[in-house]
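Asks: My questions will all concern the structure given below.
2 protein chains.
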Amino acid sequence: MRFQAPESLAEQIARHLGHRIVSGRLAPGERVQEMKVAGELDVSRGSVREALLILERRHLVEIFPRRGAVVSQLSPALVNSLYDIYIELLCMLGRKLMERWSSVDLVVIMGQIQQLQTLASASEKTGDEATERVVEAGFEVMRHAYRLVDNPFLEETLENFKPAISRTYYLALKKGPGEFMKTERFFRQVTEAVDQGDADGLVAVIRYFGEHQRQQVLKTLKQAQPDLT
Amino acid sequence: MRFQAPESLAEQIARHLGHRIVSGRLAPGERVQEMKVAGELDVSRGSVREALLILERRHLVEIFPRRGAVVSQLSPALVNSLYDIYIELLCMLGRKLMERWSSVDLVVIMGQIQQLQTLASASEKTGDEATERVVEAGFEVMRHAYRLVDNPFLEETLENFKPAISRTYYLALKKGPGEFMKTERFFRQVTEAVDQGDADGLVAVIRYFGEHQRQQVLKTLKQAQPDLT
């Protein structure tokens, strides 16, 4: 059992604003005004400023001198940059996992993945809540991998990319009805590679699924804004 | 010519404290007290809190609930974690550079590297200031590479690791008198690989030098704290 310290006020504000950005209620390019947010939530401007720094670290806002914080863009170029580095770091996580642990050590993580597969198969017919559960279960598998790989810098960097990735991926999951099946197959392939101690195979599977996700996001983006290049 | 907005107060404080950490005047594990710093620098506690969030992002302090900010540790395990991810991201930078640009496009960056080589050869005999100049010139080459690769997430992540890497590398450069020659050779090999359009070769050279640097840092750490494992 792990005890956790209560969230700081800045973290609570960051979570609130972050949820509005990830869900699309705050649009790309929209300004997030310190004073307005402070008034709406009845908190100090200092706490809002801290929250915006946290959101900047999570790649959801950009902070410009004088102009202040702006919800970060979702152009194809930015999605490509994001997936380029995210896929690379995920592959690193997979490789480190295989370097340090045998399939016997990975029994717990394999069990988690199987639960996730079941969840994904069942989610095909259901709605938004199921989507959220599958995405969350996927991140839970990653968190378990962090504990085994034990690289705080890799963990922190991946965690900071998580909200931006979720934001793009929700977009794609809403459109593509076959995505859950693909997610299920991905995790089946992951268990197979881990089970066989096949590090190269694991990296290939991660890269393939990452690239697929990237393409889905780019497609969705193009449908939403056909004039983008 | 680029105009730059003046640094925010928080950024100025972060730079001041960061310099004290990188140079070793603030020791690993030491607490950085918000109120004390605010008093010493005659600034608000809010600005100091913002500065500490910036330093956390740069991996120089860790912030714990209740305990506050503490200068991050420099154990062998942490140095290994840091170099693991840093080397991976540098290799990615090199690979992307070769994917997008031919050696003809890279003339400017090659010129910069040659200046750096000259600097490194001359620095062998001189002191701390020369060290700083060589390290800075190395980062300048990276900044030029950022502009060509144009991935803001990769740039941001690498830039955030820069202070922590500098901190470990200064440690190593102070000890090893042959390090400048190795740096010079590294940049010669980089130019050769780029010139031949040899992406795999470039990645290999980056990885080799990164690993060498890691070993130097680990050795220095062991000499300073022989009881560490």
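Chains as they are written, first to last, in the working numbering: chain E, 16 to 244; chain D, 16 to 244.
Virtual Cβ for every residue (Gly too), placed ideally from N, Cα, C.
These numbers were taken from a predicted model, which means no experiment stands behind them.
#1: Give the residues of chain D in contact with S90 of chain E, contact being defined as C-beta atoms less than 8 Å apart.
#2: Over the uninterrupted alpha helix (DSSP H) stretch that includes V37 of chain E, give me the two end residues.
#3: Under the rule that 16 or more other beta-carbon atoms within 10 Å means buried, what is R229 of chain E, buried or exposed?
#4: With a CB to CB cut of under 7 Å and the five nearest residues on each side skipped, what residues in its chain are close to M50 of chain D?
#5: Using the DSSP secondary-structure output, state which residues sit across from R46 of chain D in a beta bridge.
#6: Identify whether V76 of chain D lies in helix, strand or coil by the three-state DSSP scheme.
#7: Quick one: what's got a C-beta closer than 7 Å to Q127 of chain E's C-beta in the same chain, skipping five residues either side?
#8: What does a CB cutoff of less than 7 Å around G153 of chain D pick up in its chain, not counting 5 residues either side in sequence?
#9: What are the boundary residues of the alpha helix (DSSP H) that L220 of chain E is part of?
#10: Using a Cβ distance threshold of 8 Å, determine whether the stretch 57-77 of chain D contacts the stretch 114-124 of chain D, with at least three qualifying pairs required.
#11: Cβ of V149 of chain E within 7 Å of Cβ of A187 of chain E?
#12: In terms of residue numbering, what span does the alpha helix (DSSP H) encompassing V58 of chain D cover?
#13: I need the straight-line Cα distance from F201 of chain E to I69 of chain E, nearest angstrom please.
#14: Using three-state DSSP, classify Q211 of chain E as helix, strand or coil.
#15: Do F176 of chain D and S96 of chain E count as a contact pair if the criterion is CB distance below 7 Å?
#16: Could you check what DSSP says for L163 of chain D in three-state terms: helix, strand or coil?
#17: Using the beta-carbon of each residue, which ones in chain E are nearer than 8 Å to F154 of chain D?
#18: Our contact map puts V164 of chain E next to L217 of chain E with C-beta atoms below 8 Å; I'd like the distance itself, whole angstroms only.
#19: What number of angstroms, rounded off, separates the C-alpha of Q129 of chain D from the C-alpha of Y223 of chain D?
#20: Suppose contacts are defined by Cβ-Cβ distances below 7 Å. Is T172 of chain E in contact with T183 of chain D by that definition?
#21: Who are the neighbours of R72 of chain D on chain E, taking C-beta pairs under 7 Å?
#22: Taking the alpha-carbon positions, what's the S62 of chain D to A25 of chain D distance?
#23: Going straight from the alpha carbon of R17 of chain E to that of R40 of chain E, what length do you get?
#24: Could you list the residues in the stretch 48-65 of chain E with a C-beta less than 7 Å from some C-beta on chain D, going in chain order?
#25: Start and end of the alpha helix (DSSP H) containing R110 of chain E?
#26: Helix, strand or coil for G193 of chain D? Go by DSSP, reduced to three states.
#27: Taking the straight line between their C-alpha atoms, what separation do you get for L236 of chain E and S90 of chain E?
Replies: Let's see:
#1: Taking the first residue of the first sequence as 1, we reach residue 90 of chain E at position 75. What S90 of chain E touches in chain D: nothing, since even the nearest Cβ is about 11 Å away.
#2: Reading the first sequence from its first residue, position 22 is the one you call residue 37 of chain E. Counting along the chain, the alpha helix (DSSP H) containing V37 of chain E begins and ends at 24-37.
#3: Position 214 of the first sequence holds residue 229 of chain E. With 16 or more Cβ atoms within 10 Å of its Cβ, R229 of chain E is classed as buried.
#4: As a position in the second sequence, residue 50 of chain D is number 35, starting the count at 1. Result list for M50 of chain D: R60, in chain order.
#5: As a first step, residue 46 of chain D must be located in the second sequence, where it is residue number 31. According to DSSP, R46 of chain D bridges with D:V85.
#6: Here residue 76 of chain D is taken as the residue at index 61 of the second sequence, counted from 1. V76 of chain D: strand per DSSP, three-state reduction.
#7: Working through the first sequence from its first residue, we reach residue 127 of chain E at position 112. If we look at Q127 of chain E and ignore the five residues flanking it on each side, its Cβ neighbours are E155, V156, H159.
#8: Position 138 of the second sequence, counted from the start, is the residue given in the question as residue 153 of chain D. Excluding residues within five positions, the ones whose Cβ falls inside 7 Å are L131.
#9: Residue 220 of chain E sits at position 205 when you count from the first residue of the first sequence. Correcting the residue type first, residue 220 of chain E is Val in the shown sequence and not Leu. Run containing V220 of chain E: 214-239, per the alpha helix (DSSP H) assignment.
#10: The stretch 57-77 of chain D is not in contact with the stretch 114-124 of chain D.
#11: Here the question's residue 149 of chain E lines up with position 134 in the first sequence. Here the question's residue 187 of chain E lines up with position 172 in the first sequence. No, these two residues do not count as a Cβ contact at 7 Å.
#12: Start at 1 with the first residue of the second sequence, and residue 58 of chain D comes out as number 43. Note, V58 of chain D: premise wrong, no alpha helix (DSSP H); not H, not E.
#13: As a first step, residue 201 of chain E must be located in the first sequence, where it is residue number 186. As a first step, residue 69 of chain E must be located in the first sequence, where it is residue number 54. Rounded to the nearest angstrom, the two C-alpha atoms are 32 Å apart.
#14: On the first sequence, residue 211 of chain E is found 196 positions in, with the first residue counted as 1. Correct three-state label for Q211 of chain E: coil.
#15: Mapped onto the first sequence, residue 96 of chain E falls at position 81. Mapped onto the second sequence, residue 176 of chain D falls at position 161. Contact: no.
#16: Start at 1 with the first residue of the second sequence, and residue 163 of chain D comes out as number 148. It is helical.
#17: Within the second sequence, numbered from 1, the residue matching residue 154 of chain D stands at position 139. Going along chain E, no residue has its Cβ under 8 Å from F154 of chain D, so there is no contact; the nearest lies around 18 Å.
#18: The residue labelled residue 164 of chain E in the question sits at position 149 within the first sequence. The residue labelled residue 217 of chain E in the question sits at position 202 within the first sequence. Incorrect: roughly 13 Å between the Cβ atoms, too far for contact.
#19: As a first step, residue 129 of chain D must be located in the second sequence, where it is residue number 114. As a first step, residue 223 of chain D must be located in the second sequence, where it is residue number 208. Going by the C-alpha atoms only, they are around 20 Å apart.
#20: As a working note, residue 172 of chain E is residue 157 in the first sequence. As a working note, residue 183 of chain D is residue 168 in the second sequence. No, the pair does not count as a contact, with Cβ atoms beyond the cut-off.
#21: Here residue 72 of chain D refers to the residue found at position 57 when the second sequence is read from its first residue. Per Cβ cutoff of 7 Å: R72.
#22: Counting from one through the second sequence, the residue named residue 62 of chain D turns up at place 47. Counting from one through the second sequence, the residue named residue 25 of chain D turns up at place 10. The alpha-carbon atoms of S62 of chain D and A25 of chain D are separated by roughly 5 Å.
#23: Mapped onto the first sequence, residue 17 of chain E falls at position 2. Mapped onto the first sequence, residue 40 of chain E falls at position 25. The predicted position of R17 of chain E is uncertain, since its pLDDT is 48 and thus under 50; a value taken from the coordinates is nonetheless stated next. Computed Cα separation, rounded: 34 Å.
#24: For the stretch 48-65 of chain E, which is checked against every Cβ of chain D, the residues closer than 7 Å are G61, R64, E65.
#25: Stepping through the first sequence from its first residue, residue 110 of chain E is reached at position 95. Note, R110 of chain E: alpha helix (DSSP H), 91-115.
#26: Taking the first residue of the second sequence as 1, we reach residue 193 of chain D at position 178. Under the three-state reduction of DSSP, G193 of chain D is assigned to coil, being neither helix nor strand.
#27: Walking along the first sequence from the start, residue 236 of chain E turns up at place 221. Walking along the first sequence from the start, residue 90 of chain E turns up at place 75. Rounded to whole angstroms, L236 of chain E and S90 of chain E show a C-alpha spacing of 8 Å.
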